[in-house]
Each structure stands twice: as structure tokens, then as C-alpha cells.
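Visitor: Here's a structure for you.
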Amino acid sequence: MPEAASQKDPSIVTPFAPPVPADRRAAAQERRRLALDDRKRSFLRMVSHELRTPLNAVIGFSEILSQELYGPLGNDQYREYAAIVHDSGLKLLKLVNQIVEIARLEGHVTDIEMTPEPLDEALEDVLDILRGEIARREVIVNVLGQGALPLVVADSRGLRTMLSNLIQNAVAHSPAGGVVHVAASRIGDEVEISIRDQGPGVESAELPRLLQPFEQAGSALTRTSEGVGLGLPIVDLLSRAMGGRLKLSSSLGAGFLARLILPAG
21 MPEAASQKDP SIVTPFAPPV PADRRAAAQE RRRLALDDRK RSFLRMVSHE LRTPLNAVIG
81 FSEILSQELY GPLGNDQYRE YAAIVHDSGL KLLKLVNQIV EIARLEGHVT DIEMTPEPLD
141 EALEDVLDIL RGEIARREVI VNVLGQGALP LVVADSRGLR TMLSNLIQNA VAHSPAGGVV
201 HVAASRIGDE VEISIRDQGP GVESAELPRL LQPFEQAGSA LTRTSEGVGL GLPIVDLLSR
261 AMGGRLKLSS SLGAGFLARL ILPAG
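See the structure below:
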């Protein structure tokens, strides 16, 4: 046999590298995931600081001006404009908080701490915060069985965020003089919290879309409520993070029903 034929042709290479073991691939993926989570945390901290800090200054100083705490402004229009700046700042701060919360939840960057929570206390806190808006819209919020509501297992802050978004949504879509019914009942090892309004309702086919961020019922030309459609998606993501779920039901002319289901305490 010729010597050249007995030597390995250097142009021939192994077509495939040895496969990476599954445990090494999993470890590499986990390192990439942790690095991405770190970047998300850094981004959220930056957004929280760089946007909330100047907004808090705008809100605080405009409130001082609108209330003329250091003396009269000299013209009623100045006070009116300061009040508009204050209200606009509050709306923008709420939007920033919602966007940060959506990014946090969708990125699975959460600090959920599950503890037994009395629904009575959580609802009392939420209604106290929303009292001014409820009165301004001339809506009645009726809590059935108040004082004897069941315990749920939930994150304390997250529970109040969910209840606030659901009740605020119901109040915003209720007519003047309308009633928002809030009830809770234990079913097995879960608690179902229902919030029903007497608003115009939406078509049932639209309900899945309402759980997508920045979606609202109706078109931009016909809707009358404020907001950008982040309240319900936040409730949906938070409830799932706590081992629960959100169910919506409605039809045109029949109001809107939101059912928040959480583990029982």
C-alpha cells in the first residue's frame, strides 16, 4: 500500500463535535437566566429612581402651590393650573408604577411573600385609599359579609394591589349612583373574591384581550374611562404568581364580573 494512502487525509475532519452533556447545557442556561434577571433588576431600579424621584418633586411642589401654603399666588388661574399639574403628576406616577410592575412580573422578577391575610383588613385599606375617587364618581361600594370575610394566603402588598385595581376598574366603569358589589366565599381550599359592577359591560369575545397589557374595552374613540389598560393584566400576573387565577365574565349591557381566586388561609 502506498505510504500516502496509509496516512490520514488532513482535509477530512470530524463532522460533529462531541455533544455537550445535558447537565452542562442546563447550567449554562441557568447562568444566562440569572444574568438576565440581574440586568432586569438593575433596569427596574434605574427606572424607579430616575422617573419616580422627579415625579414626586412635581407632585409635592404643585400641591404646595395649589394649596397656597406659603401665601396667595395672586391669581386664581395659577392655583387652578397648579392643581392640574398635581393631578397629571399623580396619573403619570401611577402609569410608571404600573409599567414597572408589569415588567417585574413578566420578567419573573418577584418578591412574593405568601402569608395568611385577612380580607377584611385588606379591603379596608384599599377602600380608604379609593374613598375620594369613589365619592367623586358617586358610586357605592357594597362589601357583603364585611367583618366576617375569610383569610387568604397571599402577598400582603400584592393582595392590596389586586383588590385596588379590580375595585378601581369597577368604579371607573359604573354610572353615577351605581353599586359595586364585593363578596368573598371559601370553596374548598380556595377563596373566591367577586367584584361586580353595573357598567355597560363588554362583549364576551373581548375578555381575553383585556388581559393583554395596554388593551381596553372599546375603541380609543368611544371609551370614556381613563387608563391605559394595565390594571387587569397586573392582577392576572400577580394572581398566578401567588398560585391563584383571575376569571372575567361580561356581556354588553350586563355589567362586568371579576373573580379573583386565591389559596384559602
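Following this note's numbering, the numbering of the sequence shown begins with 21 at its first residue and continues without gaps. Backbone N, C-alpha and C fix where the C-beta goes; we use that ideal spot for every residue, glycine too.
Please state whether the Cβ-Cβ distance between L125 and L258 is less than 8 Å.
Guide: yes
Visitor: What does I215 pair with, by DSSP beta-bridge criteria?
Guide: V202 and A278
Visitor: Pick helix, strand or coil for A225, following the three-state DSSP scheme.
Guide: The answer is helix: DSSP assigns A225 an H, G or I state.
Visitor: Please check the pair G165 and A203, which I expect to be a contact at CB under 8 Å, by giving their CB distance rounded to whole angstroms.
Guide: Rounded to the nearest angstrom, the Cβ distance from G165 to A203 is 7 Å, consistent with a contact under 8 Å.
Visitor: Look at the Cβ atom of G264, then the Cβ atom of L280, and state whether they are nearer than 8 Å.
Guide: yes
Visitor: Select from L268, A103 and A284 the residue whose C-alpha is nearest the C-alpha of D209.
Guide: A284
Visitor: Among G198, V199 and S214, which one has its Cα closest to the Cα of S205?
Guide: S214
Visitor: Measure the CB-CB distance between E137 and A174 and report whether it falls below 8 Å.
Guide: yes
Visitor: Does the structure place the stretch 106-116 close enough to the stretch 135-153 that three or more beta carbon pairs sit under 8 Å?
Guide: no
Visitor: What's the gap between the Cα of Q87 and the Cα of A278?
Guide: 38 Å
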